[in-house]
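Since the structure comes first, as C-alpha cells, the remarks are kept for the end.
Protein chains: 2
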Amino acid sequence: MNADDVKVDLIAFVVAVNDSEPCVLTIGQADTLPSGPFALEHRSLQSGLRGWVEQQTGHRLGYIEQLYTFADRDRIGAERQQRVISISYLALTRKEQAAGPPKCGWQSWYEYFPWEDHRSGTPPVVLDVLRPRLIEWANGVRDAATRRERWQRATIAFGFDDRLWNEELTLQRYELVYEAGLVQEAVRGRDGAPPPLVPSKSMVADHRRIVATGIARLRSKIKYRPVVFELMPTVFTLLQLQRTVEALAGRLIHKPNFRRLIEQQELVEETGEATTETGGRPAKLFRFRHAVLDDRLIAGTKLPLARG
Amino acid sequence: MNADDVKVDLIAFVVAVNDSEPCVLTIGQADTLPSGPFALEHRSLQSGLRGWVEQQTGHRLGYIEQLYTFADRDRIGAERQQRVISISYLALTRKEQAAGPPKCGWQSWYEYFPWEDHRSGTPPVVLDVLRPRLIEWANGVRDAATRRERWQRATIAFGFDDRLWNEELTLQRYELVYEAGLVQEAVRGRDGAPPPLVPSKSMVADHRRIVATGIARLRSKIKYRPVVFELMPTVFTLLQLQRTVEALAGRLIHKPNFRRLIEQQELVEETGEATTETGGRPAKLFRFRHAVLDDRLIAGTKLPLARG
DNA sequence: CCAGCATATACTTGCTGTGAGTATAAGGGA
DNA sequence: TCCCTTATACTCACAGCAAGTATATGCTGG
C-alpha cells in the first residue's frame, strides 16, 4: 500500500430544460450535486457516475461528457494525509422520468446565477449590485496596475461600458464574483463580519463552480454540436426548440433566422402532425433526424444568437 | 485504508515547433510520454506534472491545459486489485532550453501520424494504404448496416469521396485506424499472424491516443485563442508565425488573408527591426502583444485555413 | 360572427467576414 | 542587369447571417 494513493470522487452536473427554464439536478438542501466515490465495482468512470446519480436521484443518464478533473487541497482526509480528486461530468437528460428519493429535485440555474439570464434584457442585479461591488473590489488595492487589470476583467466578463454581453463567459464571471468575495462560499470560514453578498443561492464545497463550468461548456457546445436534442422530447415544435436554446444561452434568438438555420441544416424532419396547444396558429411537430449525428461531427451546428 | 483507493498518473503531451515541424517531447525509445504518479508532496496536479516533466526531460513547462482523465481497465496493479487513473495534459513550449537527460528527445508528430500532414497535398498513405485497408475493414462484417456505418465514418474522417479534409478530426481518425487494427498497439498481445499495419511509429500503452487527443485539441484551439504564441520565440516574422500555424494544422494557409487577420486583430506589434535571414526582401520583425490576452477571451482569434 | 390577438411561416435586405486572386516593393545572387 | 525570392498592399466576389417585414392560420372574447 502506497501513501500516494488517492480517493476519486465522481460529480455530476445534470441538466434538463422544462417550460423554458434550464434546471440542475440537486440533492440535499438544493445545494449539492449528485456524487460518489469511484469504486472497484465500477466498470468505468462513466458507469460509476451513472450508478451514483441513479442511486441518489432515480434518474438514468443519457448523454454524458467529462468536464474537468481537479485535486481539491482543502479536502484532505481528516484522519490521515490523503488526497481527494474530483472528476466532474456534464449530463443532459429530460425532466420527466421517475420520481427519485425525496431529497432530490430540479432547480433553475438562474437561482445560483441570477446575473446569467439575459432573456428579458440585462438583469437589474448586474448594474445595480454587481457593477458597484466590482468597482469597490477593483479599487480595493493600492497598485494602480492591478486596479486597472481587475476592472478590465470585470468589464469584459460582464459587458460593462457598452461592451457586448458574451454568454459563454459564465466561468470567468463566477471567478470574478468569487475573488471579489461576493458569494457565500468565497467567504466561508472567514473571520469578521460577513460582507455584503450578491443575492444568489449557494452550494456546498465547489459545486457552484462546477455548475458554472458546465454552463459555459454547454453554451459553447450548442453552437457547433446538435446536443440540444438530448434535452428535447421526441416530438416538439420549432418554437419549443428555440425556447430551449434560449434557456440555455440565457438570451433571445431571432426567430426567422433560427428556423432557417435549423431547417437548412436538415437537423429535423416533420412528423406530419401539428399541435394547437401552443395557442395561435397550430405549429407543425418535428422530430430530430438522428442520421445527421455522424455528419455533424464535421459541419457543426450553428445557432444564431442575437446581438444586443 | 480503503480498497477503493486508486493510483493517479499524470501524463504530459509537450509540444514545440521548430523549423516548421511540430514536435512532441518523448522519453525512452521515442515511444513514451513524460509521466509520473501524483504524490503527496505535489501542491497541485499541474505542479506535479511540471515536476515529472522537468525531472525526466529537463524542460520547464509554460502553458499547460488539461486534456482528459480516464481509468484504464487494462492497467490494474498486478499484485492486488487496484485502479489506475490517468490525467493527461497538453503543454506548449519552445524547443531550445536546456539539454535534458540523454533518453529524451523531440519527435515530429507526423512520425506517429503520417496521414495527418496535408501541407503538400493529401499524403500518399491516405489513398494508397488507408483507403483500401479501411474498405477491407468495413466489408469485414456481415451486417450491411454496420458496413455502411463503418464506411461512412471513414469517409467523413478522412475526406474520401470528394469530401473535404477536416484537420480537427485527428482523434476520430486514430480511433478508426485503431479499430481497424492498422496500428501496432491495437493488435498487441493478439495471437496469430500480425496483420498488415499502416507504416507509422507506435507508442507504449495508450500514449499515441493521448497525442491524437492533444493534436485535435490544439488544432481546434488555435482558431479561437492566441495560443500559437506560446510556441514562438519572442521576436518573429509573420511568415514564421504562419509556418508554425501550418505545422500544427497540417495544412496551408492563404498568406494575404493570414496577414490581414493577424494585423486587424492587433495580435502583434512591430519591433522596428527587420531580418534578411529569410532570403528575399527583408521581413519586419514582430512581437506578441501580451495586452490582448485578456481581450481575446472574448473576441477569439480566427485563423484562415485554406481549403483544398 | 367578427375583431383582435397570438403564433407560425415566408420573403427581403444589407452588412460583414473571408476566401481567393493580383499587383507592387525590396533585397540577394548569378 | 536580370531574375529569383520573399514581403507587403490592394481588390473582388461570394456566402453567411443578423435583422426587418409581410402573410397565413387558428383561437377567444364580445
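Line by line, the protein sequences give chains L and R.
So the first sequence is numbered by my numbering: it starts at 30 and just counts up by one.
So the second sequence is numbered by my numbering: it starts at 30 and just counts up by one.
Here a beta-carbon is modelled for each residue, glycine too, at the ideal position from N, C-alpha and C.
Everything numeric in this text was worked out from a predicted model, so none of it was measured.
In its chain, beyond the 5 residues on either side, I56 and T86 have a beta carbon closer than 6 Å to the beta carbon of C133 of chain R. For D48 of chain L, the closest C-alpha among the options L:P311, L:A320, L:L260 and L:N286 is that of L:L260.
Using beta-carbon distances, S73 of chain R counts as an interface residue toward chain L, with a partner under 9 Å. Distance from the Cα of T199 of chain L is smallest, within the candidate group L:I239, L:G309 and L:P255, for L:I239. Our two residues, T242 of chain L and A41 of chain L, have alpha carbons roughly 12 Å apart in a direct line. Contact annotation: L205 of chain R and R237 of chain R have beta-carbon atoms that are not nearer than 9 Å. Closest option to A276 of chain R, judged by alpha-carbon separation, among R:E50, R:A32, R:T263 and R:K36: R:E50.
For a Cβ distance threshold of 7 Å, residue set Y97 and T98 of chain R lies close to Q95 of chain L, ordered along the chain. Of all residues in the region 156 to 185 of chain R, only E178, Q181, R182 and I185 come within less than 9 Å of chain L when Cβ atoms are compared, listed by chain position. The beta carbon of I114 of chain L sits closer than 9 Å to some beta carbon of chain R.
As the crow flies, the alpha-carbon of W180 of chain R is around 15 Å from that of G210 of chain R.
Residue pairing from DSSP leaves G308 of chain L without any beta-bridge partner. Boundaries of the beta strand (DSSP E) around W135 of chain L: G134 to S137. Within the region 243 to 265 of chain R, contact with chain L at the beta-carbon level (separation under 7 Å) is assigned to no residue.
Secondary structure of R254 of chain L (DSSP, three-state): coil.
Collapsing the DSSP output to three states places E299 of chain L in a strand. Within the same chain, Cβ atoms closer than 7 Å to the Cβ of E298 of chain L are found at F315, R316 and R318, the five residues on either side in sequence being excluded. Within its own chain, the residues whose Cβ lies closer than 7 Å to the Cβ of A186 of chain L, once the five positions on either side in sequence are excluded, are L198, Q201, R202 and L205, listed in chain order. Close CB contacts of I291 of chain R within its chain, under the 8 Å cut and outside five residues either way in sequence, are with L267, L270 and V297 (chain order).
Closer than 9 Å to the CB of V37 of chain L there is at least one CB belonging to chain R.
Listed in chain order, the non-local C-beta contacts of P224 of chain L below 7 Å within the same chain comprise G210 and V216, local neighbours out to five positions each way being set aside. When the alpha-carbon of P63 of chain R is set against those of R:E70, R:H71, R:V53 and R:L69, the nearest one is in R:V53.
In the structure shown, I244 of chain R adopts helical secondary structure according to DSSP, grouped into three states. With a threshold of 9 Å between beta carbons, Q213 of chain R makes no contact with chain L.
Contact annotation for L69 of chain R against chain L: A32, D33, Q110 and R112 [CB-CB distance below 8 Å, chain order]. R246 of chain L and V256 of chain L have their C-alpha atoms some 11 Å from each other. Counting only residues of its own chain and dropping the five nearest sequence neighbours on each side, S231 of chain R has a CB closer than 8 Å to the CB of D60, Y141, V212, Q213, E214 and R237. Apart from sequence neighbours up to five positions away, the residues of its chain that approach T263 of chain L with a beta-carbon distance below 7 Å are R316, ordered along the chain. Within the region 145 to 184 of chain L, the runs of alpha helix (DSSP H) at least 4 residues long that lie entirely inside it are, in chain order, 160 to 168. Annotated three-state conformation of G65 of chain R is strand, per DSSP. Every unbroken stretch of the alpha helix (DSSP H) spanning 4 or more residues and falling wholly within the region 254 to 283 of chain R is given here in chain order: 267 to 278. Inclusion of V82 of chain L and L69 of chain L in the CB contact set at 9 Å is not warranted, their separation being larger than that value.
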